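So the structure is just underneath, and the comments pick up after that.
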Amino acid sequence: MCKKQMFLLILISVVQQNFAAHNFTYGSVQRTLAGTLKTKPLRKNLPHETKEKLIIDTDLGFDDALAIMYLGKTDKFDIKAITTVAGNFDIQATTNNALYVLDFLGQQIPVYSGSSAPIEQKKQLAFDAAGQENFLLEQPKKELGPILHNAPLTNNAAAKIVELVRAYPHHITILAIGPQSNIAEAFKMAPDLPSLVKRIVFMGGAIDSAGNTNRVAEFNIFLDPMAAYSVLTSSVTKVMVPLDICNTIPFDNDVFSALRKKNLIGALDLMRERYITKQSFNHNRGIGHIYDPIAAYYLVHPEAFILTPMDIVVETRGIYTNGMTVADKRSWGNKKNNIIVATHVDQKTFLHDFMCTLFEQ
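Each residue of the sequence shown is one higher than the one before, counting from 0 in numbering that gives the first Met the number 0.
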């Protein structure tokens with residue numbers, strides 16, 4: 000089995016997320032993607048001291064893995080730590096998934112295990128709701144072999160976040176691509192921490208889009224709304240990559256066909272089978288989405304996005320709206336505009352850069 004096939008098998012193993020039904024028309028992005036992959040974007044390796052310092056907080060599933068690999072391949076970031084949180088899987092699974100991906104990539108990034116449950120709610124995980132198995136944990140030795148070079152360093156991710164931010168005040172960016180439990184706990188441990196974090200870029204929430212859990216809530220916010228409320232009402236600079244923008248970038252058979260033309264064979268077909276066919280995508284007309292890589296793409300190419308400041312709060316008690324991100328759309332009143340929201344990115348540009356970076360020869 001070649002190394003690329005091995006990595007794809009790892010990605011297959013962590014595909015466990017649920018996606019919402021929606022009704023969008025996607026135009027010709029998929030039909031033109033193969034042509035956009037003919038040329039690779041130019042890249043420059045930055046000196047280590049000039050790279051942006053980054054903590055990735057993740058409930059590592061399929062799209063999280065792609066986001067981490069993409070950021071690693073850009074060579075623009077000094078990733079100080081990966082902190083894991085329960086979400087797509089329980090905490091043991093998300094931590095092991097992170098270790099497997101890093102082990103395969105040959106990257107020695109410290110992994111810190113974190114929160115195993117939401118702050119105030121009964122634990123509700125993606126694989127519980129879907130009744131799915133964790134393939135990676137069930138067959139690691141048979142399919143992937145043992146973890147060779149990495150091991151979790153602590154079970155206190157929040158404490159590590161505090162330590163790193165204090166060590167590099169105003170220089171740490173946090174990429175939050177799971178529930179925000181670890182970050183909320185870190186802010187509780189150190190109330191001055193929000194003023195010391197450079198910024199938080201997070202995938203989560205929905206402005207006008209339907210929810211992908213209940214009717215109105217996005218997955219990451221829904222799993223720990225109290226944590227999200229704590230983080231989003233803090234003074235830290237926040238950039239939100241919501242469902243709305245992610246839903247405009249589909250991954251379907253045409254996208255995977257383009258990948259196949261890049262000599263990614265073997266496990267690719269199985270990944271597509273698991274991701275599109277078996278993950279309840281029939282109601283989406285065979286179209287899936289990868290959310291977290293779009294937040295990662297913002298870190299690399301913020302100039303590709305249209306940003307809009309908004310006043311947003313999180314609903315934490317609603318019977319039907321728990322986890323909803325509520326934007327103040329009134330044309331009057333004193334708005335806080337506490338969050339910078341990514342409202343548009345060019346589909347073709349994103350897919351070209353992401354695919355070329357992720358799967359360059």
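Glycine is no exception: its CB is placed at the ideal position from the N, C-alpha and C atoms.
All of these numbers come straight from a predicted model, not from anything done at the bench.
Keeping to the same chain, check which residues put their C-beta closer than 8 Å to that of residue i; ignore five residues upstream and five downstream.
i      : result
Lys37  : Note that Lys37 scores 48 on pLDDT, short of 50, meaning its location in the model is unreliable and no value can be drawn from it.
Lys141 : Model confidence at Lys141 stands at a pLDDT of 40, short of 50, so the residue's coordinates are unreliable and nothing is read from them.
So, is residue i buried or exposed, given that buried needs 16 or more other C-beta atoms within 10 angstroms?
i      : result
Ala19  : The predicted position of Ala19 is uncertain, since its pLDDT is 34 and thus under 50; a value taken from the coordinates is nonetheless stated next. Buried, because 16 or more other Cβ atoms sit within 10 Å of the Cβ of Ala19.
Leu231 : buried
Asn95  : buried
Asp352 : buried
Ala64  : buried
Gln346 : buried
Pro308 : exposed
Ile305 : exposed
Pro292 : buried
Pro237 : With the sequence shown as reference, residue 237 is identified as Lys, and Pro is not the correct amino acid for it. By the neighbour-count rule (16 or more Cβ atoms within 10 Å), Lys237 is buried.
Met314 : Strictly speaking, residue 314 in this sequence is Glu, with Met absent from that position. By the 10 Å Cβ count, Glu314 comes out buried.
Tyr99  : buried
Below 7 Å CB to CB, which residues in the same chain sit around residue i once its five sequence neighbours on both sides are set aside?
i      : result
Ile118 : Ser180, Ala183, Asp223, Met225, Ala226
Ser234 : Pro193, Ser194
Pro168 : Leu195
Ile244 : Ile293, Ala341, Thr342, His343, Val344
Flag this pair as yes or no: are the beta carbons of residue i and residue j separated by less than 8 Å?
i      : j      : result
Met202 : Asn213 : no
Ala156 : Pro109 : no
Met239 : Ile338 : yes
Gly113 : Ile90  : yes
His288 : Phe349 : no
Gly60  : Pro178 : no
Ile171 : Lys197 : yes
Asn321 : Ala216 : yes
Pro241 : Ala205 : yes
Val84  : Asp102 : no
Asp74  : Leu53  : no
Leu163 : Ile55  : no
Quick one: does residue i have its CB under 8 Å from some CB of chain B?
i     : result
Lys79 : No chain B is part of this structure, which consists of one protein chain only.
Out of the options, point me to the one whose CA is closest to residue i's CA.
i      : options                       : result
Ala326 : Lys335, Ile318, Tyr319        : Lys335
Pro190 : Leu152, Asn154, Ser229        : Ser229
Val340 : Phe358, Lys52, Met354, Asp207 : Asp207
Leu152 : Ile55, Thr82, Arg329          : Thr82
Lys187 : Glu48, Ala158, His343, Ile55  : Ala158
Arg316 : Arg165, Met68, Phe221         : Phe221
Asn246 : Val200, Val344, Thr356        : Val344
Tyr297 : Arg329, Ile199, Ser330        : Ile199
What do you reckon, is the C-beta of residue i under 7 Å from a heavy atom of the ligand ATP?
i      : result
Phe186 : Of the ligands one can find in the structure shown there are none, so the ligand ATP has no counterpart to examine.
Please return the same chain residues whose Cβ sits closer than 6 Å to the Cβ of residue i, not counting the five positions on each side in sequence.
i      : result
Ile311 : Thr324, Ala326, Ile338
Thr342 : Ile305, Thr307
Thr93  : Asp58, Leu59, Thr83
Inset, instruction - Starting from the N-terminal side, write out each stretch of the alpha helix (DSSP H) that is 4 residues or longer and does not extend beyond the stretch 169-228. - result: Qualifying alpha helix (DSSP H) stretches, in chain order: 180-188, 218-222.
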